[in-house]
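Per the numbering used here, residue 1158 is the first one in the sequence shown, and the count goes up by one each step.
Structure record follows, encoded as structure tokens.
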Amino acid sequence: MRDILKKALPQADERALERFEIYQRLLGEWNERMNLTAITDPVEVAEKHFADSLAALPYLKPGMKVIDVGTGAGFPGVPLLIMEPRLDLTLADSLQKRLTFLDALLQELGLTAELVHGRAEDLGQNRLYRERYDIALSRAVASLPVLLELTTPFVKVGGTAIAYKGDAAAELENAKGAAFLLHVQLRTVALDSDLGKRCLVFADKAAPTPKQYPRKAGTPNKKPL
Ligand code: SAM
């Protein structure tokens, strides 16, 4: 297991590798009881979940306030926290059972993050979370126009929502209207990845999110901006 992790995560030191090993084990054990991920092969978990999650690491600094929206089994937030434990991280998901897993996982890892149960549409209108974060991360949650409405309300003016995407060209075209309405500017960074075409889409927030966004739960998906 350690060799697989070392190969997939060359930037991880011994302490981080130890934690990724615990993560692998718990993910496997809990996945037998609840549906956390379809990926179970250790090499694939290391490459498609752990290594892929680290793509945003160069853009994060110690002490930054970061929220992972629709974190599921902790991706990308937990691998990033393993590499940079000084992040002020919030993990949000609408499914309570995933947060139960994350609570147990963080305890075993000896790491701290805030766990928040709720839909992004509701949390984004809650003053405890709205415009409080430097960075909002999301991976495999929704198409870009929907994602911008779900994530950018969490970000302070001057902050950034970062979406992990495959080939984002078509989605970028469709997201122009949403970006305009939500006062963000989009840019893309291609990733050097063995997993096919991967990129990070950055939405830089230039002005506060208009009050009506995010709209009520379900509407962003049904009627994307
Ligand atoms: N980000 C993880 C990853 O990359 O493996 C999980 C991806 S999973 C396909 C999508 C996750 O987003 C699920 O855990 C789901 O519960 C959550 N989710 C979907 N829509 C959401 C919403 N509107 N608000 C909060 N969480 C949401």
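Just so you know, even glycine gets a beta-carbon here, dropped at the ideal spot from N, CA and C.
Sequence-distant residues of its chain with Cβ nearer than 8 Å to residue i (five each side left out)
i, result
"P1233", "D1209, S1210, L1211, A1212, A1213, D1225, L1294, R1296, Y1321"
"A1325", "L1301, T1345, C1356, V1358"
"Y1180", "F1207, G1231, V1235, P1236, I1239, L1262, L1266"
"P1219", "E1241, R1243, L1244"
"L1329", "L1301, L1343, T1345, V1358"
Beta carbon proximity, residue i to chain D, threshold 8 Å
i, result
"A1203", "The chain inventory of the structure shown lacks chain D, comprising one protein chain alone."
Option in the options with minimal Cα separation from residue i
i, options, result
"A1270", "G1316, R1284, I1319, V1223", "V1223"
"K1368", "L1237, G1220, K1254, L1338", "L1338"
"Q1168", "L1268, L1183, E1330, E1241", "E1241"
"K1333", "Y1216, R1176, L1382", "L1382"
"T1194", "L1343, F1258, K1362, I1161", "F1258"
"G1185", "E1201, I1319, K1362", "E1201"
"L1268", "R1172, H1340, A1318", "R1172"
"N1192", "P1365, A1360, G1229", "G1229"
Cut-off 6 Å between Cβ atoms - residues of its own chain near residue i, not counting five sequence neighbours on either side
i, result
"S1251", "R1276"
"E1288", "K1313"
"L1246", "V1223, G1234, L1238, A1270"
"A1347", "C1356"
Collapsed DSSP secondary structure at residue i in the structure displayed
i, result
"T1269", "coil"
"L1248", "strand"
"K1313", "strand"
"K1164", "helix"
"Y1286", "coil"
"A1208", "helix"
"A1299", "coil"
"I1319", "strand"
"L1382", "coil"
Other residues of its chain near residue i: CB distance less than 7 Å, five sequence neighbours each side excluded
i, result
"L1256", "D1250, L1272, H1274"
"A1163", "Reading off the sequence, residue 1163 comes out as Lys, not Ala. Around K1163: L1174."
"Q1253", "H1274"
- prompt: What residue ranges within the segment 1330–1380 form continuous beta strand (DSSP E) runs of no fewer than 3 residues, ordered along the chain?
  reply: 1341–1347, 1356–1362
- request: For the segment 1211–1259, list the beta strand (DSSP E) runs that are entirely contained and at least 3 residues long, ordered along the chain.
  value: When DSSP assignments are scanned along the segment 1211–1259, the uninterrupted stretches of beta strand (DSSP E) that are 3 or more residues long and fall wholly within it turn out to be 1222–1226, 1245–1250.
- prompt: How would the residue list near the ligand SAM read, in chain order, if you kept each one whose beta-carbon is closer than 5 Å to any heavy atom?
  reply: G1227, G1229, F1232, D1250, S1251, L1252, R1276, A1277, R1296, A1297, V1298
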